[in-house]
Each structure stands twice: as structure tokens, then as C-alpha cells.
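Here the protein sequences come in this chain order: A and B. Mapping the first sequence onto our numbering, position 53 (from 1) lands on 62, and the numbers just tick up by one. Mapping the second sequence onto our numbering, position 42 (from 1) lands on 51, and the numbers just tick up by one. Okay, so here's the structure we're looking at.
2 protein chains.
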Amino acid sequence: MRALIPLFWPLACLLAGFAPLSSQGVIDASRAEEWRPLVPENTLYMDVGGSTVVFELAPELAPNTVRNIRTLVREGYFNGLSINRVQDNYVVQWGDPDAEDPARQRKQGIPPTLAPEFGRPAAGVAFTPIPGPDGFGEPGFVNGFAATRRDGAVWATHCYAALGVGRAESADSGNGSELYVVIGHAPRHLDRNVTIVGRVISGVEALSSLKRGTGPIGFYETAAERVPITRIRLGSDVPEGGRLPIEIMRTESASFRDYVDARAHRMRDGWFARDSGFIDLCNVRVPQRARARP
Amino acid sequence: MRALIPLFWPLACLLAGFAPLSSQGVIDASRAEEWRPLVPENTLYMDVGGSTVVFELAPELAPNTVRNIRTLVREGYFNGLSINRVQDNYVVQWGDPDAEDPARQRKQGIPPTLAPEFGRPAAGVAFTPIPGPDGFGEPGFVNGFAATRRDGAVWATHCYAALGVGRAESADSGNGSELYVVIGHAPRHLDRNVTIVGRVISGVEALSSLKRGTGPIGFYETAAERVPITRIRLGSDVPEGGRLPIEIMRTESASFRDYVDARAHRMRDGWFARDSGFIDLCNVRVPQRARARP
């Protein structure tokens, strides 16, 4: 396939009088129906350390855990808690710093355990593959979320900005009350070992630029270092004027396929001296753009 | 090859009465000669924003650019300059903020252009492959540096913490006076488009946790935001008591091969519910440890 491209493109350009598009060119040429809005019920707004971080949830990939998180958020469970762990090139993690102390832990109205959603049967999940190879399985996307498919299963992938559910030793110990975001090179060894429930779509830099914790695995050593979370709200509980006015390119669209190809051929952007001819799953950043208000 | 492992390991364990080692187990069982010290001439110490960041240079992969950087460092070229760009999930970059103004730019005693060292002929370079697949070529290491080999060439790979040489449009415009470090998911589309000269071996968190720049491609918008560089010194100009007392596992050793395998099989570490059975090049962190002082 790859060998055909150098033969095919010059011929196509000669015949049709067009050059392959850069990634920006693909975005500019895309059709309105190749973009989708955010669903308010599937977005979270976290006010933390003076910034707002916005997440999109992935009920397609982890329906029960997403439901638990919605319950916790509506209860105000996270309000007043803190970021307690920042490990370089790995994760930022938040929750109740007293979670392991029964006398001091914050009450929550959901069960302490939950059957893990480390992956799902691939059948029935709308998975759009992108070109491989990929050492972990077949790379692709499910409704905007990086995912991997293999042996009849599909799972959300630990790319930069992925939102995951912390757990203890036992697989069912992650109920959504302890969350983390990836802030480094994709730790894909965590795939299928924890439940991923979404990704950051705005403000990840407010998490990734936090001071690293100096305790084991990046925990802050003192309470004073913890970064307070003012509140987390569900998008549907945010007044409409305060919601993030963006739209996201549909990863099942023809333009997204062309966009991925353009990102593997960066000479189309200028500056580049060589094309890699390949892009790995976690380097594909799904295009998003300002949405004209209706 | 992969299919053999499940057959082979239980048999081996049964016969020899041992279980495959975890990554820490491999490190503990390694022999002294599988580790190497740092060469002072190939290390840089950067004092910046109250921290010290230590780099190891890779003359095996970019001899002429490394030579230029040594000259610049010995001249004190970087002392008093600043970090001017911090782009989230991408790079931290430093140099002369007035480099494009002939009247104000800092003088330097090296030529403004240099033939790029985007890659080298693979022949004669001691390359240790690790298991693929890898979409960019054959993954491996050259003396501790992540590298990729393909079509008779070998090049240093843009993994987290890689040290690269900024350049303008023309390929020969990077002489080493403008440097950057990768602080996000490996941007391997940059491979063979810029010269990589080494990597951070200590203190990368002092760079990756910096406030992100809000200007285009992460440049700080005001001079006040820039992070001053007190000085950069060559390890051989640092008094011996001030040098980083570590040693690095030889990537051509048998223990390193076993370490890479252990990192693809994390169930050996406990906690993990599943092995990925694979690790990608940029997630392999070359082991380093405190070196007993002679």
C-alpha cells in the first residue's frame, strides 16, 4: 500500500490538477456534517487552581463507570477535594486524600466497587481503524476517542490527556471517585488494566504544568501542596453561555481519514524536510474548532 | 516469535524452577559490567529557574552538532539567555530571544549554518534492536539513546526528554545555539527533520512543569515570562563533587534485553491484570541508578 502512494499521487495530481491537502487544508475543505457538537450530558467542567479543565466522557466505551461519575458529580462529591499526585511523564490524579481512612473519608452515594470496564466486545462498537502497524492491536477511533481493537475486544487507549479511573489492587476497586489524566508519553501498558472514561478537550495544560510531587509515584508530600478542586460540574448543569462552544471532527468521516493521512505527510505543511509516512495512534489529535453560536 | 513465549516460559519455569523476572528483578540481577558511567565531556549541566537539568550528549549520532554545542557551552553562550517557548505536549525551547535581530543578537563564535545530522548511515553504528512492530522503522538503541533504523540509515528518535536542535526553514540553519526538549507524547514526525543531540537524564520535570506560553506555538508573549538560564556547563568543567553520581544500564547488554521484555509483561510487577505483551520504543526508560563513589 505504502509503495503505491509515490506512483499514485503524481499521476492523480497530473490528471486532476490538485495536490494532496495539508491537515489544515483538510479541515478547511471539510463539510459541516463531518463535525459534531459536544453533548452536555457527556462533558465535565472542573474548576481547579484558577483554571477550568473540560472533559468529554465516553459512555460508548465505559457506560457503567461514566454513569457512576455522573452521579458523583451531581452529588458534588469532588467539590472541595484536591489533586494529590503529579508524576512526571505519567499522570495527574485527584480524589479524596483521606479515602483510605474510614473515619475521615468523604461519604459517597455509590457502591465502593464496580465491575471494571477495561474493554468491551468489539461487536456493536463503531470502530474506525487508522493505518498501522501498532504493536498493541489495531489502532483506531470510537466517536473521537483513541481505541485499540484485538481478539474481538475494543478498549480506550491511554493517550496524552486520557481520563482514567484510579483503582487499588483489586480490578473492581475503581468506581470513579478517584480519577487521573495522562500527562506524558502514552502509557499503553495501562490499557485494559484500568477503565478509561474520556479525555480532556480543553485546559489540559492546567494539569500538565503542575508542580511534580516529590513523594513515591508523584504524591505530594504535604497537604499544602495539594491543588484544590473548587468544583466539577456536568455540562448539562452549566448555564448554556458558560459551555465550551466547540465542535469535534467526526472520526468516522472521510475528512478525518484524510486528516490522519495528512498528519503522516507533514511536508505538505512546509518546513519539513521529510515525511515519516506514518503517524502513531496517540499522536493523532482529533480536530476541534470554534462552533458558531446558533 | 510472540506465539512461542507462552509455550516457552511455563516450560522453562518448570524445568529451571524460576519465574521470569520483573524489571526491578532484572536490574537487581544485572552484573556490574552491564552498567556504564557518564562521560563528563558528554554531559551538560543547565542551571535554570532554581533547578539543575542534566543532559547526556550523543556524539555517536550527531558528532558535528555536539562539537558545536560544546564550543558554545565553553564560550558561555547560553549563560544569561532564557527559555522562550513552552508548548504543551510538545517542546520547551531556549536560546537567544533576540536571535533574529542582527543589532541585538548575542555574538557566537561558531558558523551560523551547519550541515544537518538528521540521521547517519547505519553501517558502523552499534544499534541494538528491540522487538517491533514500529511504524517508523526498526526500533532500538544506540548507547542508551532511542533510535530508529530503516533503509540503511539510523537516527535518534524524538522520545520524551530528547534534546533537539531548533532550526528555521533551511535544513542547515540549526547550529546548536537554539535547543529544545520534548515534553509530551513522542513527536516522531520530527525525526529526520531536525538534529537530536542527546537527552535529559535528570531534572526534566523542571522543564515539563513550566507554565505554558500563550503565544503562537507556545512562545511566551512577554519578556517577563521567560525563564532565565543562569548557566550551562560541560560536565568536565563541573567540579567532580558536583557531578551527577549515576550510572546507566548498557543498552547493548543482556540485562537490558531482559528489562525491555519485563516492561512488556508488567503482571510480573503485581497490580496489573493483563500484560500488553509489547512496549513501544519511547516507553522504554533506560535504567539508571546511583553509582557508588570510588
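From the three backbone atoms N, C-alpha and C, an ideal C-beta is built for every residue, glycine too.
### Message
Please report the distance separating the alpha-carbon of THR52(B) from that of SER245(B).
### Response
The residue given as residue 52(B) occupies position 43 in the second sequence. The residue given as residue 245(B) occupies position 236 in the second sequence. CA-CA distance, THR52(B) to SER245(B), rounds to 8 Å.
### Query
Is there at least one Cβ from chain B nearer than 8 Å to SER264(A)'s Cβ?
Working through the first sequence from its first residue, we reach residue 264(A) at position 255. No - not a single Cβ of chain B is within 8 Å of the one on SER264(A).
#### Entry: Residue environment, ALA21(A), which counts as buried when at least 16 other CB atoms sit within 10 Å
For the purposes of this step, residue 21(A) is taken as the residue at position 12 of the first sequence. Legend: pLDDT at ALA21(A) = 49, less than 50; position of this residue unreliable, value from coordinates given subsequently. Exposed is the label assigned to ALA21(A), since fewer than 16 other Cβ atoms lie within 10 Å of its Cβ.
### Message
My assumption, with CB atoms under 8 Å, is that ALA165(B) sits in contact with ALA156(B). Please give the rounded CB distance.
### Response
Translated into the one-based positions of the second sequence, residue 165(B) becomes position 156. Translated into the one-based positions of the second sequence, residue 156(B) becomes position 147. For a cut-off of 8 Å, the C-beta gap from ALA165(B) to ALA156(B) is around 6 Å, short enough to register as a contact.
### Extent of the continuous beta strand (DSSP E) to which VAL75(B) belongs
Here the question's residue 75(B) lines up with position 66 in the second sequence. No beta strand (DSSP E) contains VAL75(B), which is instead part of the alpha helix (DSSP H) from 72-84.
### Interface flag, PHE145(A) vs chain B, CB-CB below 8 Å
Start at 1 with the first residue of the first sequence, and residue 145(A) comes out as number 136. In terms of beta-carbon proximity, PHE145(A) lines the interface with chain B, with at least one pair separated by less than 8 Å.
### Query
Who are the Cβ neighbours of ASP267(A) in its own chain at under 6 Å, not counting the five residues just before and after it?
Taking the first sequence and counting its residues from 1, one reaches residue 267(A) at position 258. Closer than 6 Å at the Cβ level, and outside the excluded window around ASP267(A), lie VAL35.
### Task
Express the C-alpha separation of ARG235(A) and VAL295(B) in angstroms, rounding to a whole number.
Within the second sequence, the letter at position 286 stands for residue 295(B). Within the first sequence, the letter at position 226 stands for residue 235(A). Their backbone Cα atoms lie some 30 Å apart in a straight line.
#### Entry: Same chain, Cβ closer than 6 Å to ARG259(A), five either side skipped, listed in chain order
As a position in the first sequence, residue 259(A) is number 250, starting the count at 1. Taking C-beta separations shorter than 6 Å and ignoring five residues to either side along the sequence, the partners of ARG259(A) in its chain run GLU43, ARG45, following chain order.
### Query
Ordered along the chain, which non-local residues of its own chain (more than five positions away) have a Cβ less than 6 Å from that of VAL213(A)?
Translated into positions along the first sequence, residue 213(A) becomes position 204. If we look at VAL213(A) and ignore the five residues flanking it on each side, its Cβ neighbours are ALA170.
### Message
Going by DSSP in three states, GLN33(B) sits in which element: helix, strand or coil?
### Response
Translated into the one-based positions of the second sequence, residue 33(B) becomes position 24. Three-state DSSP puts GLN33(B) in a helix.
### Query
Beta carbon of VAL206(B), beta carbon of ALA67(B): below 8 Å?
Taking the first residue of the second sequence as 1, we reach residue 206(B) at position 197. Taking the first residue of the second sequence as 1, we reach residue 67(B) at position 58. Against a cut-off of 8 Å, the Cβ pair of ALA67(B) and VAL206(B) comes out as a contact.
### Message
So GLY193(B) contacts chain A; which residues on that side make the cut at Cβ distance below 7 Å?
### Response
As a working note, residue 193(B) is residue 184 in the second sequence. Simply TYR169.
### Task
Classify SER179(A) as buried or exposed, calling it buried when 16 or more other Cβ atoms lie within 10 Å of its own Cβ.
By 1-based counting over the first sequence, the position of residue 179(A) is 170. With fewer than 16 other Cβ atoms within 10 Å, it is exposed.
### Task
Go through the segment 179-210 of chain A residue by residue and report every complete run of the beta strand (DSSP E) that reaches 3 residues or more, in order.
DSSP runs (the beta strand (DSSP E)) wholly in the segment 179-210 of chain A: 188-191.
### Query
Helix, strand or coil: how does DSSP classify ASP284(A) here?
On the first sequence, residue 284(A) is found 275 positions in, with the first residue counted as 1. Three-state result, ASP284(A): coil.
### Task
Just the chain B side, please: which residues come within less than 9 Å of LEU307(A) by C-beta, in chain order?
There is simply no residue 307(A) to check, as chain A begins at 10 and stops at 303 in what is shown.
#### Entry: Proximity test, Cβ basis, 8 Å: GLU65(B) and chain A
Here residue 65(B) is taken as the residue at index 56 of the second sequence, counted from 1. Chain A contact via Cβ: absent.
### Where ARG272(B) falls, given that 16 or more other Cβ within 10 Å makes a residue buried
For this step, residue 272(B) is matched to residue 263 along the second sequence. Buried, since its Cβ has 16 or more Cβ neighbours within 10 Å.
### Query
So what's THR157(B) in DSSP terms, helix, strand or just coil?
Working through the second sequence from its first residue, we reach residue 157(B) at position 148. Of the three classes helix, strand and coil, the one that applies to THR157(B) here is strand, per DSSP.
### Message
Is there a C-beta anywhere in chain B that falls below 8 Å from the one on LEU13(A)?
### Response
Numbered from 1 along the first sequence, position 4 holds the residue referred to as residue 13(A). Below a pLDDT of 50, predicted positions are generally treated as unreliable, and LEU13(A), at 46, falls in that range; the measurement from the model is reported next regardless. No, no contact with chain B.
### Task
Would you identify the three-state DSSP class for PHE265(A), choosing helix, strand or coil?
Reading the first sequence from its first residue, position 256 is the one you call residue 265(A). The DSSP-derived three-state label of PHE265(A) is helix.
### Query
Looking at C-beta atoms only, is the number of pairs between the segment 145-159 of chain B and the segment 75-91 of chain B that lie closer than 8 Å three or more?
Three or more Cβ pairs closer than 8 Å define a contact, and the segment 145-159 of chain B falls short of that threshold against the segment 75-91 of chain B.
### Message
Below 8 Å, how does it come out for the segment 90-102 of chain B and the segment 181-195 of chain B: are there three or more Cβ pairs, yes or no?
### Response
Short answer: they touch.
#### Entry: Beta-carbon proximity check, PHE281(A) vs ASN77(B), cutoff 8 Å
In the first sequence, residue 281(A) corresponds to position 272, counting from 1. In the second sequence, residue 77(B) corresponds to position 68, counting from 1. No, they are not a contact pair.
### Message
Taking beta-carbon pairs under 9 Å, can you tell me which members of the segment 282-293 of chain A lie near chain B?
### Response
Taking a C-beta cut-off of 9 Å against chain B, the contacting residues of the segment 282-293 of chain A are ALA282, ARG283, ASP284, SER285, GLY286, PHE287, ILE288, ASP289, CYS291, ASN292, listed in chain order.
### Query
Is the shortest distance between the beta-carbon of GLU187(A) and the beta-carbons of chain B less than 8 Å?
Start at 1 with the first residue of the first sequence, and residue 187(A) comes out as number 178. Proximity of GLU187(A) to chain B, defined by a Cβ-Cβ separation below 8 Å, is not satisfied.
### Message
Distance check for LYS220(B) and TYR54(A), CA to CA, integer angstroms please.
### Response
In the first sequence, residue 54(A) corresponds to position 45, counting from 1. In the second sequence, residue 220(B) corresponds to position 211, counting from 1. Roughly 21 Å between the two C-alpha positions.
### Task
Drop a sphere of 10 angstroms on the beta-carbon of GLU249(A), count the other beta-carbons inside from all chains shown, and report buried for 16 or more, exposed for fewer.
Here residue 249(A) refers to the residue found at position 240 when the first sequence is read from its first residue. Its Cβ having fewer than 16 others within 10 Å, GLU249(A) is exposed.
### Message
Between which two residues does the beta strand (DSSP E) holding SER217(B) run?
### Response
Along the second sequence, one-based indexing puts residue 217(B) at 208. No beta strand (DSSP E) holds SER217(B); the alpha helix (DSSP H) holding it covers 214-217.
### Query
Cα separation between LEU47(B) and ARG300(B)?
Position 38 of the second sequence, counted from the first residue, corresponds to residue 47(B). Position 291 of the second sequence, counted from the first residue, corresponds to residue 300(B). Rounded to whole angstroms, the separation of the alpha carbons of ARG300(B) and LEU47(B) is 10 Å.
### Query
Among all the DSSP beta bridges, which residues are the ones paired with GLU65(A)?
Translated into the one-based positions of the first sequence, residue 65(A) becomes position 56. DSSP lists THR52(A), ARG208(A) as partners of GLU65(A).
#### Entry: Cross-chain neighbours of ARG201(B) in chain E, by beta carbon under 9 Å
In the structure shown, chain E cannot be found, because the protein chains are A and B.
### Task
State the Cα-Cα distance for the pair ASN88(B) and GLN114(A), rounded to the nearest angstrom.
The sequence position of residue 88(B) within the second sequence is 79, counting from 1. The sequence position of residue 114(A) within the first sequence is 105, counting from 1. The straight-line gap from Cα to Cα measures roughly 50 Å.
### Query
Any idea if ALA38(B) is buried or exposed, counting beta-carbon neighbours within 10 angstroms, 16 or more meaning buried?
For this step, residue 38(B) is matched to residue 29 along the second sequence. Exposed.
### Query
Which value, in whole angstroms, describes the spacing of the CA atoms of GLY173(B) and THR74(B)?
The count along the second sequence starts at 1 and reaches residue 173(B) at position 164. The count along the second sequence starts at 1 and reaches residue 74(B) at position 65. If you take the alpha carbons of GLY173(B) and THR74(B), they lie about 10 Å apart.
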